[in-house]
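**Student:** Have a look at this one.
Chains as they are written, first to last, in my numbering: chain B, 1460 to 1813; chain L, 193 to 499.
In structure tokens:
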């Protein structure tokens, strides 16, 4: 152990270290792209053009980013409470069930201005309920939330397949999906594409989460629990209730993915509409350092990758869309598990200069 | 009539064992890792990566054994990465496992697409490139099925009856004591993680080149998590985990058999219920509704050496 190493200055910790981690992830991505015989610089150029090269591309990027904001916020809120919610995938899926049930039940009677809020609330409530069970099991029965949320993803998937194949399926249909929603259940489209009003909801959620976590006493208690459960107890926080609150909020945010996907784009309940967004939320949260502003920036990047990656796979047959999944995995690895990898180098470097 | 019953019983147990084989291998692998204090939610990713490299190599070289070797090496590479993040850099073990799962899900398809141009599939394997049944052609008893069965007493012996096993368990309960005795905590944990990679690699190779004839995207389909559930259900003990694997395998075999069948009085049994049961049962167990599963004490806690 060298004695010259000092703790990093705050700016290095908040800005420089995360940037280095992301850069490392993208260097590895570049190596993988080169290994499969594609020029990384050319790939990057096509990707950027595909993501932001035209108004259409930008609209798609923002539409994907909307999903990432919801799941990224969901993971962040739980993280601040010291809970690792890996169940975003299942919570989003069940959120879709709530949203779909509300629409299928009411779309013949209610006007749009009432129907859509009801569906949004139903999506959030169902997502919250799906997160509440693992939270309850952890708070009162001591089972670990990581394991139970993982398992609940699979249970959600089995449940949705059963319901769509046997119950919700449109009469006479061969594909397991519900009947189309009435036109009154469609969210207004922006820029003439898949981008819809959900993005406003997502940004409102960001502000809401920011206000809640940093400007209310409950938010303060929640963060205290995340930093030090014993300090939270000393301050009079009921950890069980706080666990429930954090997880329900987290699940509700994940459930809102259904608003963007079902009310905004698909207009029916269908299989796997949430595929991958729940897990990607972990990458978004880690990259955004669990701050709503960071989550928005990370979600924009992942939205651009999702859209640019799709375009890239059209232009270069050697690369397919799963490249985006590889990038997500590497970002989680480098900004999550290997977060401290560059720290000693950086400490040595900065101490020498100081 | 008797013959028929016997033959159905034989086929059902063979089907159970076939489905349980990757679960058993994976659960034993996970047992080494978790008893040493390293959480492994990345079993799924290791298995998937191994399945891909096993199928790709078997297809390229024409040798099933080269495929098995490549599968094991691929899983070991991920195991080492997990060790590097969690043991050397004291990163979050769950985050690392999740990262490896996602990485494997993407990388197998990206590489498969680039190498074989079939949208992420490997070319179908011929009999020579696969591990074929040894004694009973209709039971699918490839050599890895027997390896899986042997891995259980082997794990029991290694963890429960050897000096290495004693140290391994100690490092998962109280690493400070192991360190104080002058034994390297990191060294023990790396060995545990490598054993885990070996067994998860065999499980993945089995899925791609024995159970199936090639790689398809996401072909492990959650079996790594079922194995993890079995490990927890078996309270981190080899024979109990083995029992849980067989039970989950049986549930799956029943589900496949009941598919589309109408049971008198009940109607069509939802197959999805059987698919969800392993997870539901494990959660009930974890919550203490049926017995109690107590994890190794130091699990998930990175070890920092004192000075």
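Beta carbons: idealized from backbone N, C-alpha and C, even for Gly. Treat the numbers as computed from the prediction; the structure is a model and nothing was measured.
Of all Cβ atoms in chain L, is any one closer than 8 Å to the Cβ of residue 1779 of chain B?
**Tutor:** Taking the first residue of the first chain as position 1, residue 1779 of chain B is located at position 320. Closer than 8 Å to some Cβ of chain L, the Cβ of residue 1779 of chain B qualifies, so yes.
**Student:** Taking 8 Å as the cut-off, decide whether the C-beta atoms of residue 1669 of chain B and residue 1751 of chain B are in contact.
**Tutor:** Locating residue 1669 of chain B in the first chain gives position 210, where the first residue counts as 1. Locating residue 1751 of chain B in the first chain gives position 292, where the first residue counts as 1. Result yes, Cβ atoms of residue 1669 of chain B and residue 1751 of chain B sit closer than 8 Å.
**Student:** Take residue 1721 of chain B as the anchor and find which of B/1503, B/1807, B/1534 and B/1555 has the nearest alpha-carbon.
**Tutor:** Mapped onto the first chain, residue 1721 of chain B falls at position 262. For the residues B/1503, B/1807, B/1534 and B/1555, the minimum Cα distance to residue 1721 of chain B belongs to B/1555.
**Student:** Could you tell me whether the region 199–210 of chain L touches the region 438–448 of chain L, using the rule of 3 or more Cβ pairs below 8 Å?
**Tutor:** Segments in contact, yes.
**Student:** When you compare the CB positions of residue 218 of chain L and residue 392 of chain L, do they come within less than 8 Å of one another, or not?
**Tutor:** Counting from one through the second chain, the residue named residue 218 of chain L turns up at place 26. Counting from one through the second chain, the residue named residue 392 of chain L turns up at place 200. Yes, the Cβ-Cβ distance between residue 218 of chain L and residue 392 of chain L is below 8 Å.
**Student:** Restricting to Cα atoms, I'd like to know which of B/1521, B/1471 and B/1711 is closest to residue 1558 of chain B.
**Tutor:** Position 99 of the first chain, counted from the start, is the residue given in the question as residue 1558 of chain B. Comparing Cα-Cα distances from residue 1558 of chain B to each of B/1521, B/1471 and B/1711, the minimum goes to B/1711.
**Student:** Could you check which residue in L/210, L/194, L/456 and L/223 has the C-alpha nearest to that of residue 432 of chain L?
**Tutor:** As a working note, residue 432 of chain L is residue 240 in the second chain. It is L/223 whose Cα lies nearest to the Cα of residue 432 of chain L.
**Student:** Give a yes or no on whether the C-beta atoms belonging to residue 381 of chain L and residue 275 of chain L are separated by under 8 Å.
**Tutor:** Counting from one through the second chain, the residue named residue 381 of chain L turns up at place 189. Counting from one through the second chain, the residue named residue 275 of chain L turns up at place 83. Result yes, Cβ atoms of residue 381 of chain L and residue 275 of chain L sit closer than 8 Å.
**Student:** Should residue 1539 of chain B go down as buried or exposed, given a rule of 16 or more other Cβ atoms within 10 Å for buried?
**Tutor:** Position 80 of the first chain holds residue 1539 of chain B. When all chains shown are included, residue 1539 of chain B counts as buried.
**Student:** Anything in the region 451–462 of chain L with a Cβ closer than 7 Å to a Cβ of chain B? List those residues in chain order, please.
**Tutor:** Those would be 462, in chain order.
**Student:** I'd like to confirm the pairing. Which residues does DSSP put opposite residue 1636 of chain B in its beta bridges?
**Tutor:** On the first chain, position 177 is the one that residue 1636 of chain B refers to. Answer is B/1729.
**Student:** Counting contacts by CB-CB distance shorter than 8 Å, is residue 1513 of chain B in contact with chain L?
**Tutor:** By one-based count along the first chain, residue 1513 of chain B stands at place 54. With 8 Å as the cut-off, residue 1513 of chain B does not count as an interface residue toward chain L.
**Student:** Please specify which runs of the alpha helix (DSSP H), each continuous and at least 4 residues long, are wholly inside the region 193–275 of chain L, giving them in chain order.
**Tutor:** Within the region 193–275 of chain L, the complete alpha helix (DSSP H) runs of at least 4 residues are 194–227, 235–253 and 256–275.
**Student:** Counting only C-beta atoms, is residue 1796 of chain B closer than 8 Å to chain L at any point?
**Tutor:** Position 337 of the first chain, counted from the first residue, corresponds to residue 1796 of chain B. It does; some Cβ of chain L falls within 8 Å.
**Student:** Distance, Cα to Cα, residue 1743 of chain B vs residue 1466 of chain B?
**Tutor:** Taking the first chain and counting its residues from 1, one reaches residue 1743 of chain B at position 284. Taking the first chain and counting its residues from 1, one reaches residue 1466 of chain B at position 7. Straight-line Cα distance between these residues: approximately 26 Å.
**Student:** Which runs of the alpha helix (DSSP H) spanning at least 4 residues fall entirely within the region 1680–1748 of chain B, listed in chain order?
**Tutor:** Counting only runs of 4 or more, we get 1688–1693, 1698–1714 and 1736–1746.
**Student:** Which parts of the region 1540–1592 of chain B are runs of the alpha helix (DSSP H), unbroken and 4 residues or longer, counting only runs that do not cross its ends?
**Tutor:** Here the runs fully enclosed are 1547–1565.
**Student:** Where does the unbroken alpha helix (DSSP H) through residue 278 of chain L begin, and where does it stop?
**Tutor:** As a working note, residue 278 of chain L is residue 86 in the second chain. Where residue 278 of chain L is concerned, there is no enclosing alpha helix (DSSP H), given that its DSSP letter is neither H nor E.
**Student:** Along chain A, in chain order, which residues have C-beta atoms closer than 9 Å to that of residue 1702 of chain B?
**Tutor:** The question asks about chain A, but that chain is absent: this structure's protein chains are B and L.
**Student:** Would you tell me roughly how many angstroms separate the C-alpha atoms of residue 1567 of chain B and residue 463 of chain L, rounded to the nearest one?
**Tutor:** Here the question's residue 1567 of chain B lines up with position 108 in the first chain. Here the question's residue 463 of chain L lines up with position 271 in the second chain. Going by the C-alpha atoms only, they are around 33 Å apart.
**Student:** Who are residue 182 of chain L's beta bridge partners in DSSP?
**Tutor:** Because chain L in this structure spans residues 193 to 499, residue 182 of chain L falls outside the shown range and cannot be described.
**Student:** Would you mind sorting residue 1462 of chain B into buried or exposed? The rule is 16 or more other CB atoms within 10 Å of its CB.
**Tutor:** As a first step, residue 1462 of chain B must be located in the first chain, where it is residue number 3. Caution applies to residue 1462 of chain B, whose pLDDT of 47 falls short of 50 and renders its modelled position unreliable; the model cannot decide the point.
**Student:** Can you tell me the Cα-Cα spacing of residue 1604 of chain B and residue 1738 of chain B, whole angstroms?
**Tutor:** In the first chain, counting from the first residue as 1, residue 1604 of chain B sits at position 145. In the first chain, counting from the first residue as 1, residue 1738 of chain B sits at position 279. Near 15 Å, if we compare the C-alpha coordinates of residue 1738 of chain B and residue 1604 of chain B.
**Student:** I want to see whether chain L comes within less than 8 Å of residue 1462 of chain B, judged by CB atoms only; does it?
**Tutor:** Numbered from its first residue, the first chain carries residue 1462 of chain B at position 3. Unreliable positioning characterises residue 1462 of chain B in this predicted model, as indicated by a pLDDT of 47, which lies under 50. The coordinate reading is nonetheless provided below. So, not an interface residue.
**Student:** The ligand HEM heavy atoms versus the CB of residue 1810 of chain B: any closer than 7 Å?
**Tutor:** By its list of ligands, the structure shown contains no ligand whatsoever, and the ligand HEM lies outside what it can speak to.
**Student:** In or out: residue 1689 of chain B buried (at least 16 other Cβ within 10 Å) or exposed?
**Tutor:** Sequence index remark: in the first chain, residue 1689 of chain B carries index 230 (1-based). That one is exposed.
**Student:** Take the Cβ of residue 460 of chain L as the centre, count every other Cβ of all protein chains shown within 10 Å, and call the residue buried at 16 or more, exposed below.
**Tutor:** Looking up residue 460 of chain L in the second chain gives position 268. Counting Cβ neighbours within 10 Å, residue 460 of chain L comes out exposed, since fewer than 16 surround it.
**Student:** Residue 1602 of chain B touches chain L at which residues, Cβ-Cβ below 8 Å?
**Tutor:** Numbered from its first residue, the first chain carries residue 1602 of chain B at position 143. Result: 475, 478, 479 and 480.
**Student:** How would you write the range of the alpha helix (DSSP H) that residue 325 of chain L sits in, first residue to last?
**Tutor:** Start at 1 with the first residue of the second chain, and residue 325 of chain L comes out as number 133. Run containing residue 325 of chain L: none; DSSP gives neither H nor E here.
**Student:** Residues of chain B with CB closer than 9 Å to the CB of residue 288 of chain L, please, in chain order.
**Tutor:** As a position in the second chain, residue 288 of chain L is number 96, starting the count at 1. What residue 288 of chain L touches in chain B: 1791, 1792, 1795, 1796 and 1797.
**Student:** With distances taken Cα to Cα, identify the nearest neighbour of residue 1485 of chain B among B/1794, B/1749, B/1613 and B/1598.
**Tutor:** If you number the first chain from 1, residue 1485 of chain B lands on position 26. It is B/1794.
**Student:** Does the beta carbon of residue 278 of chain L come closer than 8 Å to any beta carbon on chain B?
**Tutor:** As a first step, residue 278 of chain L must be located in the second chain, where it is residue number 86. Yes, residue 278 of chain L lies at the interface with chain B (some Cβ there is under 8 Å from its Cβ).
**Student:** Are the Cβ atoms of residue 1706 of chain B and residue 1582 of chain B separated by less than 8 Å?
**Tutor:** Counted from its first residue, the first chain places residue 1706 of chain B at position 247. Counted from its first residue, the first chain places residue 1582 of chain B at position 123. Contact flag unset, no.
**Student:** Would the region 420–427 of chain L count as touching the region 223–241 of chain L if we require 3 or more Cβ pairs under 8 Å?
**Tutor:** Output reads yes: the region 223–241 of chain L touches the region 420–427 of chain L.
**Student:** Where does residue 1614 of chain B fall in DSSP's three states?
**Tutor:** In the first chain, residue 1614 of chain B corresponds to position 155, counting from 1. Residue 1614 of chain B: helix per DSSP, three-state reduction.
**Student:** Count the other CB atoms within 10 Å of the CB of residue 1490 of chain B; is the residue buried (16 or more) or exposed (fewer)?
**Tutor:** To locate residue 1490 of chain B, count along the first chain from 1; it is residue 31. Under this definition residue 1490 of chain B is an exposed residue.
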